[in-house]
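Some notes on the structure that comes next.
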Amino acid sequence: METLKPSKSQPLLHSRWFRLYIILFCTIIVLCLSLQPEAIAKLSLEVFGDSFASTPKGSVQDALCDARTLYRENQVKLNKKLSKLVERTFFRIFKVDLSKECPFWPDDGQCALRDCSVCACDENEVPVLWRLGSSQGTSRFESSATCEYSGGRDVLNDVDRNLGDTQFREWQEDDKDVWIIQDSDENMIYVDLVANPERYTGYQGASATRVWKAIYKENCFLFEDNCTDQEVCSLQQHSCKEQRVFFRLISGIHTSINMHIAKEYLFKTRWGPNVQLYEERVGRFPERVENLYFAFAVILRAITKGMPLLLPEVYDYRTGNVTEDELTAQILREVFSCSKLLTPNCLTFDERELFRSPEGISVRKQFQQHFRNISAIMDCVGCEKCRLWGKLQFLGVGTALKILFDDHLTFLQHNEVSSLLNVLYKLSTSVVTIAYMERLLVLQRIRYWLLVASCMMGVALVFMLMFRRSFWERDELYYKAKSV
Ligand SMILES: Cc1cc2nc3c(=O)[nH]c(=O)nc-3n(C[C@H](O)[C@H](O)[C@H](O)COP(=O)(O)OP(=O)(O)OC[C@H]3O[C@@H](n4cnc5c(N)ncnc54)[C@H](O)[C@@H]3O)c2cc1C
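Under the working numbering, think of the first position of the sequence shown as 35, with each following residue one higher.
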């Protein structure tokens, strides 16, 4: 019979290293189970908002400001104020025609989710002043539709009917400077933007690709001698500032749309951030992030320039509810004064640098024509909700261009003002969301490596236990030897 020699070494279970190993193993498992990347990322954004790992380095090309300043001012001040503003009735209820036929090809859009459809407002949800003011009440109301969002409905219904009439001038197609093709009143519906958030809808595939392709194709400019005498369509080859600006604006909006999809993605039954989608569509492309910052800088500049027209003392923001209207005016004042980005001496983009060359007039016309085409392409988006947000955002950018390049501008329509501030909020949110996603990415990687480490330690522990017999026997002999 085999006899084991009494051991003088310390038993395994009592060894300091083994105990440390077990403690470490348990800690890692607890960390893995309790780590909530989403909550921690949100918290870290609040606490360490000034971390710039995800902002482009240095200045934003073609803009006049650096990404750090844009990020900081936006994250700390602007975004929160804007989030309050877009919940006000004036900015929340948007009038749009979602039934127009695509003028370029037969509508082939197929959207996978119920979430593609838009919930139109009930008639009593629309401020009475707007109903009275809209071309003899020709706008359609879809009384059968029920909006999920109920917060604030009382405010909508609580209408002061004594404020008189309101006037929203119609956009004339034959206006000299038309940057965007507006919907006509006939089939327009009122939509509650808060009840129809921009998020993942499942719209993708051939239809979506075709629309984006068509949009980018509008990026082709015909230059005479200054740049090149050929049509320039290549996305990489933007020798002229005007063309770069055009491309960057579209790309910035495209990035923002993708950021909203990534931020609110549907995983089977749960909505949440999709970090992988963010990485694949935005995170791996620093130039797309920079274009987002660029579009943000342009819209900021347009609002600063158009401020004399947009101030609540000047523009008619009335909806018919005095309390609501006062609140809107107050939040607007806060938005306009909360950040140096919206002060006249902060030039985030200089529009005077565009269209200065001898062929400036021709390039300006092309710029305008291309943008009008893009607004028409929006009617080819085969998912109602994507169409709604596409229309709104390109109308916002079109309004910004109108403000920047029309020095005799005296009036803006309700939808133009609403889309301008809404697109600013969209871009501002996307800038914050990038920082959030970057943190989430780091935390998810940490969790992944913790998981790998715990698996490896678990395997090692199993090996140890497989040889437990010799361990136990060794320990037993140790105690025996000690007692003797
Ligand atoms: C106006 C519009 C609004 C939409 N709104 C929504 C929505 O609210 N919810 C939703 O789920 N889907 C929406 N979609 C669909 C969504 O944009 C994508 O098309 C879809 O998710 C498929 O994505 P994809 O990976 O094929 O690439 P896409 O985003 O379709 O991009 C097509 C190609 O463009 C290039 N590209 C991508 N991003 C950029 C960029 N920032 N700059 C330059 N080039 C770029 C890439 O080469 C890519 O292959 C919308 C589409 C359009 C046209």
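Where is the CB? At the ideal position from N, CA and C, for every residue including glycine.
None of these values were measured; they are calculated from a predicted model.
Subject >> Cut-off 7 Å between Cβ atoms - residues of its own chain near E313, not counting five sequence neighbours on either side >> reply: Numbered from its first residue, the sequence shown carries residue 313 at position 279. Excluding sequence neighbours, E313 sits near L475.
Subject >> C-alpha gap between F82 and R479, whole angstroms >> reply: Here residue 82 refers to the residue found at position 48 when the sequence shown is read from its first residue. Here residue 479 refers to the residue found at position 445 when the sequence shown is read from its first residue. Using only the alpha carbons, I get a separation of about 19 Å.
Original post:
For G306, which three-state DSSP category applies?
Top reply: Residue mapping note: residue 306 aligns to position 272 of the sequence shown, counting from 1. Note: G306 maps to strand in three-state DSSP.
Subject >> Near ligand 1: R398 beta-carbon under 8 Å from a heavy atom >> reply: Translated into positions along the sequence shown, residue 398 becomes position 364. Incorrect: R398 has no Cβ contact closer than 8 Å to ligand 1.
Original post:
Mind checking whether R557 and A75 have CB atoms under 9 Å apart?
Top reply: Nothing can be reported for residue 557, as the shown portion of the chain is limited to 35 through 518.
**OP:** Could you check the C-alpha separation between Q238 and G416 for me, to the nearest Å?
**Re:** Start at 1 with the first residue of the sequence shown, and residue 238 comes out as number 204. Start at 1 with the first residue of the sequence shown, and residue 416 comes out as number 382. Rounded to whole angstroms, Q238 to G416 spans 9 Å at the Cα level.
Original post:
Hey, quick one: how far does the beta strand (DSSP E) through F301 stretch, first residue to last?
Top reply: Stepping through the sequence shown from its first residue, residue 301 is reached at position 267. It spans Y299 to F301 - the beta strand (DSSP E) in which F301 sits, taken as one unbroken run.
Original post:
Taking 8 Å as the line, does the beta carbon of M412 fall inside it for any heavy atom of ligand 1?
Top reply: Reading the sequence shown from its first residue, position 378 is the one you call residue 412. Checking every heavy atom of ligand 1 against the Cβ of M412, one is found closer than 8 Å.
Original post:
Is it a yes or a no for the region 357–365 touching the region 454–474, going by three-plus beta-carbon pairs under 8 Å?
Top reply: no
**OP:** Note down the Cα distance separating I287 from Y327, rounded to an integer number of angstroms.
**Re:** Reading the sequence shown from its first residue, position 253 is the one you call residue 287. Reading the sequence shown from its first residue, position 293 is the one you call residue 327. Taking the straight line joining both Cα atoms gives about 10 Å.
**OP:** Identify whether Y224 lies in helix, strand or coil by the three-state DSSP scheme.
**Re:** Your numbering for residue 224 matches position 190 in the sequence shown. Looking at Y224 - three-state DSSP - the assignment turns out to be strand.
**OP:** Name the two residues that bound the continuous beta strand (DSSP E) containing V130.
**Re:** If you number the sequence shown from 1, residue 130 lands on position 96. Element bounds for V130: I127 to V130.
Original post:
Which residue or residues does DSSP assign as beta-bridge partners of A154?
Top reply: Against the sequence shown, residue 154 aligns to sequence position 120. Answer by DSSP bridge pairing, in chain order: V225.
Subject >> Separation of D96 from R278, as counted between CA atoms >> reply: For the purposes of this step, residue 278 is taken as residue 244 along the sequence shown, with counting starting at 1. For the purposes of this step, residue 96 is taken as residue 62 along the sequence shown, with counting starting at 1. Each residue's alpha carbon lies about 8 Å from the other.
Subject >> Identified DSSP bridge partners for S93 >> reply: Sequence index remark: in the sequence shown, residue 93 carries index 59 (1-based). Beta-bridge pairing links S93 to D100.
Original post:
Over what stretch of residues does the alpha helix (DSSP H) that includes Y482 continue unbroken?
Top reply: In the sequence shown, residue 482 corresponds to position 448, counting from 1. H448 to M500 is the extent of the alpha helix (DSSP H) around Y482.
**OP:** Pick helix, strand or coil for F175, following the three-state DSSP scheme.
**Re:** Against the sequence shown, residue 175 aligns to sequence position 141. Unreliable placement is indicated for F175, whose pLDDT of 44 sits below 50; the coordinate value is still reported in the next sentence. Three-state result, F175: coil.
Subject >> Within the region 298–382, ranges of the alpha helix (DSSP H) (whole runs, at least 4 residues) >> reply: 309–312, 320–344 and 356–371
**OP:** Take L67 as the anchor and find which of L485, E347, V309 and L511 has the nearest alpha-carbon.
**Re:** Looking up residue 67 in the sequence shown gives position 33. The shortest Cα separation from L67 among L485, E347, V309 and L511 belongs to L485.
Original post:
Which residue from G317, C60, E450 and V94 puts its Cα closest to that of D217?
Top reply: Position 183 of the sequence shown, counting from 1, holds the residue named residue 217. Residue E450 is the option with its Cα nearest to D217.
Original post:
Whose CA, out of V309, C254 and F281, lies closest to the CA of L477?
Top reply: For the purposes of this step, residue 477 is taken as the residue at position 443 of the sequence shown. Ranking V309, C254 and F281 by Cα distance to L477 puts V309 first.
Original post:
Which of the three DSSP states, helix, strand or coil, is assigned to D440?
Top reply: Numbered from its first residue, the sequence shown carries residue 440 at position 406. D440 falls in the coil class under three-state DSSP.
Original post:
Excluding sequence positions up to five away, which residues of its chain have a Cβ less than 7 Å from the Cβ of F383?
Top reply: Counting from 1 along the sequence shown, the entry for residue 383 is found at position 349. So the qualifying residues of the chain are A97, L98, A331, V332 and R335.
Original post:
When you compare only the Cα positions, how much space is there between K275 and R165?
Top reply: Here residue 275 corresponds to residue number 241 of the sequence shown, with the count starting at 1. Here residue 165 corresponds to residue number 131 of the sequence shown, with the count starting at 1. K275 and R165: Cα-Cα distance of roughly 43 Å.
Original post:
If you drop the 5 nearest sequence neighbours on each side, which residues of the same chain put their C-beta closer than 6 Å to that of R282?
Top reply: The sequence position of residue 282 within the sequence shown is 248, counting from 1. Correct list, in chain order: N325 and F328.
Original post:
Is it the case that the CB of R473 approaches a heavy atom of ligand 1 more closely than 8 Å?
Top reply: Start at 1 with the first residue of the sequence shown, and residue 473 comes out as number 439. Because no heavy atom of ligand 1 lies under 8 Å away, the Cβ of R473 does not count as near it: no.
**OP:** Give me the Cβ distance between S285 and R322, rounded to the nearest whole Å; I'm assuming they're in contact under 8 Å.
**Re:** Along the sequence shown, read from residue 1 onward, the residue named residue 285 stands at position 251. Along the sequence shown, read from residue 1 onward, the residue named residue 322 stands at position 288. Indeed they touch by this definition, with Cβ atoms about 6 Å apart.
**OP:** Within the same chain, show all residues whose beta-carbon is closer than 8 Å to that of A487, passing over the 5 residues directly before and after it, in chain order.
**Re:** Residue numbering aside, residue 487 sits at position 453 when the sequence shown is read from its first letter. Closer than 8 Å at Cβ, skipping near neighbours: I62.
Original post:
In angstroms, rounded to a whole number, what distance separates the CA positions of L119 and R126?
Top reply: Within the sequence shown, numbered from 1, the residue matching residue 119 stands at position 85. Within the sequence shown, numbered from 1, the residue matching residue 126 stands at position 92. Computed Cα separation, rounded: 9 Å.
Original post:
Starting from K115 and walking both ways along the alpha helix (DSSP H), at which residues does that stretch end?
Top reply: Here residue 115 is taken as the residue at index 81 of the sequence shown, counted from 1. Unbroken alpha helix (DSSP H) run through K115: N113 to L119.
**OP:** Could you tell me if F501 is buried or exposed, where buried requires 16 or more neighbouring beta carbons within 10 angstroms of its beta carbon?
**Re:** Along the sequence shown, read from residue 1 onward, the residue named residue 501 stands at position 467. Exposed, because fewer than 16 other Cβ atoms sit within 10 Å of the Cβ of F501.
Original post:
What are the boundary residues of the alpha helix (DSSP H) that Q402 is part of?
Top reply: Stepping through the sequence shown from its first residue, residue 402 is reached at position 368. G394 to I411 is the span of the alpha helix (DSSP H), which, as asked, contains Q402.
Original post:
Which stretch, first to last residue, makes up the alpha helix (DSSP H) that contains W51?
Top reply: On the sequence shown, position 17 is the one that residue 51 refers to. Start and end: R50 to S68.
Original post:
Say the cut is 8 Å; is the CB of V316 nearer than that to a heavy atom of ligand 3?
Top reply: By its list of ligands, the structure shown excludes ligand 3, since it contains just ligand 1.
**OP:** Return helix, strand or coil for D384, following the three-state DSSP convention.
**Re:** Reading the sequence shown from its first residue, position 350 is the one you call residue 384. Here D384 sits in coil by DSSP.
**OP:** Measure the CB-CB distance between K115 and V369 and report whether it falls below 9 Å.
**Re:** What you label residue 115 is simply residue 81 of the sequence shown in a count that begins at 1. What you label residue 369 is simply residue 335 of the sequence shown in a count that begins at 1. It is a contact, given that the beta carbons lie within the stated cut-off.
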